[in-house]
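First the structure, in the form of structure tokens, and then the observations on it.
Protein chains: 4
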Amino acid sequence: MLFLMGQVRWTSYSNGLGGHEGNIEHMRHVGQNGDRPRGSEKARIFEDLEQLEITRIEENGGGVSGFGNYGEGHFHELAAKWIQSHCLEPNPLQGMCDELVAHGATLGESPAEVVKKCKITFGMLSDPPAALSVVFDNGGVLEQICPGKGYIDMSTVDPETSTKISEGVISKGGVFLEAPVSGSKQPAETGQLIILAAGEKALYDEAIPALDVIGKKSFFLGQVGNGAKMKLVVNMIMGCVMNSFSEGLVLAEKSGLNPHTLLDVLDLGAVSSPLIRGKGPAMLQSNYSPAFPLKHQQKDIRLALGLGDDNAISMPIAAAANETFKKARSLGLGDLDFSAVYEAVKDLQRSS
Amino acid sequence: MLFLMGQVRWTSYSNGLGGHEGNIEHMRHVGQNGDRPRGSEKARIFEDLEQLEITRIEENGGGVSGFGNYGEGHFHELAAKWIQSHCLEPNPLQGMCDELVAHGATLGESPAEVVKKCKITFGMLSDPPAALSVVFDNGGVLEQICPGKGYIDMSTVDPETSTKISEGVISKGGVFLEAPVSGSKQPAETGQLIILAAGEKALYDEAIPALDVIGKKSFFLGQVGNGAKMKLVVNMIMGCVMNSFSEGLVLAEKSGLNPHTLLDVLDLGAVSSPLIRGKGPAMLQSNYSPAFPLKHQQKDIRLALGLGDDNAISMPIAAAANETFKKARSLGLGDLDFSAVYEAVKDLQRSS
Amino acid sequence: MLFLMGQVRWTSYSNGLGGHEGNIEHMRHVGQNGDRPRGSEKARIFEDLEQLEITRIEENGGGVSGFGNYGEGHFHELAAKWIQSHCLEPNPLQGMCDELVAHGATLGESPAEVVKKCKITFGMLSDPPAALSVVFDNGGVLEQICPGKGYIDMSTVDPETSTKISEGVISKGGVFLEAPVSGSKQPAETGQLIILAAGEKALYDEAIPALDVIGKKSFFLGQVGNGAKMKLVVNMIMGCVMNSFSEGLVLAEKSGLNPHTLLDVLDLGAVSSPLIRGKGPAMLQSNYSPAFPLKHQQKDIRLALGLGDDNAISMPIAAAANETFKKARSLGLGDLDFSAVYEAVKDLQRSS
Amino acid sequence: MLFLMGQVRWTSYSNGLGGHEGNIEHMRHVGQNGDRPRGSEKARIFEDLEQLEITRIEENGGGVSGFGNYGEGHFHELAAKWIQSHCLEPNPLQGMCDELVAHGATLGESPAEVVKKCKITFGMLSDPPAALSVVFDNGGVLEQICPGKGYIDMSTVDPETSTKISEGVISKGGVFLEAPVSGSKQPAETGQLIILAAGEKALYDEAIPALDVIGKKSFFLGQVGNGAKMKLVVNMIMGCVMNSFSEGLVLAEKSGLNPHTLLDVLDLGAVSSPLIRGKGPAMLQSNYSPAFPLKHQQKDIRLALGLGDDNAISMPIAAAANETFKKARSLGLGDLDFSAVYEAVKDLQRSS
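Structural data, given as structure tokens:
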């Protein structure tokens, strides 16, 4: 089992080390011997995970890589690092390939190389163009995917992108699973991610051991596109809740209430949530170090509204939230945590 | 310590049994002897709670009553019943006075009678006119409130109403505390209410033992009006979260996702809250038995928007939610639980 | 026929010159002889308008006054001046009483004095408290209104205020008409106001000659309150159109289009209106000299939303517009023309 | 000068009569001789319009056709018919080709055939895919466009589509102008359309005589994409105004006012516009015969919001309007006139 992951956009690249175009910075191949997992029951699940293949394609400090595993602890550690790196943008994979190679990984020359050596390959790219590029461009997944091999895309993309990738993989005889994760930096670090899988059920069943390591819970949601849709729904709700909470905080402050007390009151009540508990105190300190960048939150609400548009669903709250997040972007807050929408709500009240 | 509570609206009534006007149906006076609390430490806190005085003023099946306490368990039970009754509309107090009298309570002829006999009197009325009536009308609190006596109003009212009551009580030399509760039927039954007190700090300190029995936590928020404001802020956030959640549920359903799975996914994620966990499954069964009536939720958002208007605070999410809740009212859902806003969101998608 | 008008708030005042309280600055009585209108047919309509009585009650530079008429041209001129003064806030009537007196007017000591001398008295006050004060306070309309006399209130107030005044006048045997005007400074100057009358139809019929001079068209809308409601509906639409137009202007500018060209395109199309034609060019020059102050526009949308709330009408556009107008207030634009909402929309896009 | 127009979507077609794929139903070539315009000055402008070439490609009753002109009156008549047909959906061109051929037109086998014979070719397609197809597919414009030839696309498309077509045409040495029209059925019939041109200024100047016949006024707006953007801005404003007006109508009705009187009042006031005057009476009769289908109105607001998203522009009014138009679609009103949004606003108030 191998992982292909990262943040990349390239248009084409050659197969050779010397003649590559685009953004592939380093192409190395490193032989290695994996340690077999032993002992625990969970370890046995991973007994067949004996190889690590990675591909690093750097662009603006990003990259694509893949890895396998050699033992439970090791796998867990690597998977967690992978997820953490991805969720902690920008430049998630900087330096990570080298570290993995130092742990004995093999570096593939391209996604296709990784797929060639692995039964199941994972990808986690930063956006739809990158997710498509890793699959369809020269040296991409499609060049080696074939009957008996599976590709699991953990990127967060729109349903259309997922469907295109699925069709590509299936056209070559491979099987496909989309498996975006719900959760950001902290859940990633603590293994609390939720995996929203959809596509080929047999591939899902086979991949469960790996998915169980990456996330605390995975769901199989049916046909391809449903993983992407579920993630959009969840993120749309989250964005609306954050925006509602922000309006409440501003209303409290401007009405002469102590916003810290509001946090305490909310914490004891019906809307108490990890989101409000986790973000509230930092927001009152204007601390918006990005766990989930605001521009991505806004993009997800926009995509959710688009999904609603396809089905003629009227969602006035989400639409209003989208406009406030757009305002936050216009204020230059797009790269901060999405909780910075609080600043945009506050800003509405500033006097000039 | 005595309680005056219930749901009532009257305009004036005489002092005498024979000549009363308005809505006071029965006026009785029942002598009784209280049992002293013994044993536990908490019981000792209530050692001075030796009397029970209640006033029942029926209108449309509602009523006003007051009670004291004689021991921890007993007090706890009575207080819980009082709160439950209030939160479980309509007609919260039907039959309750009789039960209290059966337990040895004294029934006062009027709010003034209760105040006359008690150091601290509690009221919990259903809306601003009722809260004002109990204080300012003939036979009301003002007739007997005086230096050394306090009045605690646990009604949910707007800041202006609280301020009027406070000014009335203070003009007679009494002390005042507003103490609305946050939470609805279930928190009331399980003692999980949150008390949002504001006004006279000394009265708050003195009343803490009673407040601790009624709620799991009380906050002192400063000047009169702040309790009302805090409750509006909390309820506004709650209404917006419910509306956001409802839009997400509809989006999931109409996009081909299983809404039950959405509940499971949400339950594991950042926006997981008692509200969503508690209401979600019932909503999917179209079960809207009212814990917090939708029309009251809409009223609270409207009042919160008005509070924002006073301070020139722009709250687009709350405004959009208010319109959806108004739509729900227009659909005849006002007396159902506020989670019935889900039906209004769904309704937007119905084809005709 | 006499007019009582202006901007005033006072709580009580005595009848005497020496002992008055409150805000009545000067009380004079000036005899005069009116010129009869001659010649034109319209002039004959006003042949019975032979007296001018005014009351000036100054507060913060504002005032209350009343006038009658002596001939078509003269009346027209005075009426236009009156309306212009009112619409051109603040301090609409400063200096106007003196000018009227110089034209031969009689200055009454109080609204009651004016009512005493006139069959029909007109009032145009700046807000509900002022409108109520002129009627209900000492020296107010109610002291002299009686069978055979009518009171026409041209103030812009909420339906409740109109109803209160109507009840007061009727309780004394008088007849009442509410007659708010639709239109602002420029329509006032050019006699293009629209009069939205409601209440006593007979009084309306009798007052038509005067109403025809003040406005270009008057409507009789039925029961008291309907004039106020119609004005709220019209102003709500106007505020929403202005806000929509502002969003379009900003979208054009930020998308690289020439906003002046947008004005030209709009002017030829389906949404071309006096509003857009009249305000657009000034808005592009950031010229917001107040014809209709933004804070009043926001108030009217708020009142319209409240009217909708009473009837469980969901109005998401109006609600969103209200929030943007509130934002404009928070930016300190409340006293500028309501077209300054454009600045609030633009502001959303500023980078910081 | 020739016109290529209509409503079509096809993916590819061969050049031959026998072997065509896709949706081209009939391909005929008809020789003809044009009459030269004589007499008036305007006629002289069209002296060089001597040929008519049309292409008809039927799909679901739609089609593509092109025509030239032979004299002022004739041209005017044909151009008006062309525009009317396009604006009067669905199936705008059914039967029109035959009529044109009966007037002496030549029917081309494909868009490429038309371009081959004409210096300037016009297209007016129903949506972006159709607009792209006519240019890029086999037998499309690109096969014959070359230096010295121009293509003018009058379709309403997004800026990206316009840009793609422009790039395609320019890559072959041709010149391009986008020239969407603003206005619907009635303006088309009466020659009151507004043309929003952008792209190659020289081509615009050359085409002015034809544009002047089609519309009452044309604007040159700069670089390609600006015509599309301007149309989106104008239509977004129009949709918001219609929605605002609808909310006002419902508020009036539910508040006890006569909506017909509201129309009269509005007609005299600041927001009076051809839109409200033209649509209002029909709306009150629930007459929504489609001049501009609601689903297209909603699409334009969605695209305008997308344009705003690109530039981080917050537009809460447009966003709220978009949700109401989506609701209208969900109610099955998408094919009616966009003024049917009134039904969606009314629907919010229905009781069930």
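Chains as they are written, first to last, in UniProt numbering: chain G, 1 to 352; chain C, 1 to 352; chain E, 1 to 352; chain W, 1 to 352.
From the three backbone atoms N, C-alpha and C, an ideal C-beta is built for every residue, glycine too.
8 angstroms Cβ cut-off: residues of chain C touching residue i
i	result
V181 (chain G)	Under the 8 angstroms cutoff, chain C gives no residues; its nearest Cβ is about 11 angstroms from V181 (chain G).
S286 (chain E)	Within chain C, no residue comes near S286 (chain E); the closest Cβ sits about 21 angstroms away, beyond 8 angstroms.
L196 (chain G)	V265
Enclosing alpha helix (DSSP H) for residue i [first to last residue]
i	result
E178 (chain C)	Counting along the chain, E178 (chain C) falls outside any alpha helix (DSSP H), though it belongs to the beta strand (DSSP E) covering V175 to E178.
I214 (chain E)	K201 to I214
F122 (chain G)	No alpha helix (DSSP H) holds F122 (chain G); the beta strand (DSSP E) holding it covers I120 to G123.
P128 (chain W)	P128 to F136
N226 (chain C)	N226 to K254
residue 354 (chain C)	For chain C, the structure presents residues 1 to 352; residue 354 (chain C) sits outside this window and is missing.
T163 (chain E)	P159 to S171
Proximal chain E residues relative to residue i, where beta-carbon distance stays under 7 angstroms
i	result
E343 (chain C)	None at all; the shortest Cβ gap to chain E is about 14 angstroms.
Limits of the beta strand (DSSP E) - the one that residue i falls within
i	result
D153 (chain C)	G150 to D153
Within chain W, the residues that residue i reaches when beta carbons sit closer than 7 angstroms
i	result
K327 (chain G)	S314
Beta-carbon neighbours of residue i, restricted to chain E and to distances below 8 angstroms
i	result
N138 (chain W)	What N138 (chain W) touches in chain E: nothing, since even the nearest Cβ is about 34 angstroms away.
Partners in chain C for residue i, counting only beta-carbon separations shorter than 7 angstroms
i	result
D309 (chain E)	R302 and K326
L221 (chain G)	L257 and T261
Closer than 7 angstroms at the beta carbon, the chain G residues around residue i
i	result
S166 (chain C)	Correct list: empty, because the minimum Cβ distance to chain G is about 16 angstroms.
S218 (chain W)	Under the 7 angstroms cutoff, chain G gives no residues; its nearest Cβ is about 32 angstroms from S218 (chain W).
Where residue i meets chain C, residues with beta-carbon distance less than 9 angstroms
i	result
K229 (chain G)	L251, A252, S255, G256 and L257
S330 (chain E)	N311, A312, I313 and S314
Contacts of residue i in chain G (Cβ-Cβ under 8 angstroms)
i	result
V233 (chain C)	G248, L251, A252, S255, L257 and L262
(message) Count Cβ pairs between the region 264-276 of chain E and the region 294-313 of chain W that sit closer than 8 angstroms; are there 3 or more?
(response) no
(request) Would you mind listing the alpha helix (DSSP H) stretches within the region 265-297 of chain W that are 4+ residues and don't spill past its ends, in chain order? (result) Segments of the alpha helix (DSSP H) lying fully in the region 265-297 of chain W: 274-284.
(message) Give me the subset of the region 311-325 of chain W whose CB atoms are less than 8 angstroms from a CB atom of chain C, sorted by chain position.
(response) P316 and A320
(message) Assess contact between the region 198-209 of chain E and the region 235-246 of chain W, defined as three or more Cβ pairs (one per stretch) separated by less than 8 angstroms. Is contact present?
(response) no
(request) At 4 residues or longer, and completely inside the region 320-349 of chain E: list those alpha helix (DSSP H) runs for me, N to C. (result) Complete alpha helix (DSSP H) runs here, min 4: 341-347.
(request) Can you give me, in chain order, the residues of the region 265-282 of chain C that have a beta carbon less than 9 angstroms from any beta carbon in chain G? (result) V265, L266, L268, G269, A270, V271, S272, S273, P274, L275, I276, G278 and K279
(message) So, does the region 336-345 of chain C touch the region 255-271 of chain C, judging by three or more C-beta pairs under 8 angstroms?
(response) no
(request) Determine, using beta-carbon pairs with one atom in the region 275-290 of chain W and one in the region 250-259 of chain E, whether at least three such pairs fall under 8 angstroms. (result) no
(message) Against chain C, which members of the region 237-261 of chain G pass a CB distance test of less than 8 angstroms?
(response) Hits within the stretch, in order: I237, M238, C240, V241, N243, S244, F245, E247, G248, V250, L251, A252, K254, S255, G256, L257, N258 and T261.
(message) Taking 8 angstroms as the cut-off, does the region 327-339 of chain E touch the region 323-337 of chain G (at least 3 CB pairs, one atom from each stretch)?
(response) At 8 angstroms Cβ cutoff, the stretches do not touch.
(message) Measuring CB atoms only, is the region 108-117 of chain C touching the region 142-159 of chain C, in the sense that at least three cross pairs come out at less than 8 angstroms?
(response) Touching, yes.
(request) Please confirm if the region 211-222 of chain E is in contact with the region 282-300 of chain E, defined as three or more CB-CB distances below 8 angstroms between the two stretches. (result) no
(message) Count Cβ pairs between the region 308-325 of chain E and the region 294-301 of chain W that sit closer than 8 angstroms; are there 3 or more?
(response) In short, these stretches do not touch, since the Cβ pair count stays below three.
(request) Taking 8 angstroms as the threshold, find out whether the region 176-183 of chain E comes into contact with the region 227-235 of chain W through three or more Cβ pairs. (result) Contact fails: fewer than three Cβ-Cβ distances are below 8 angstroms.
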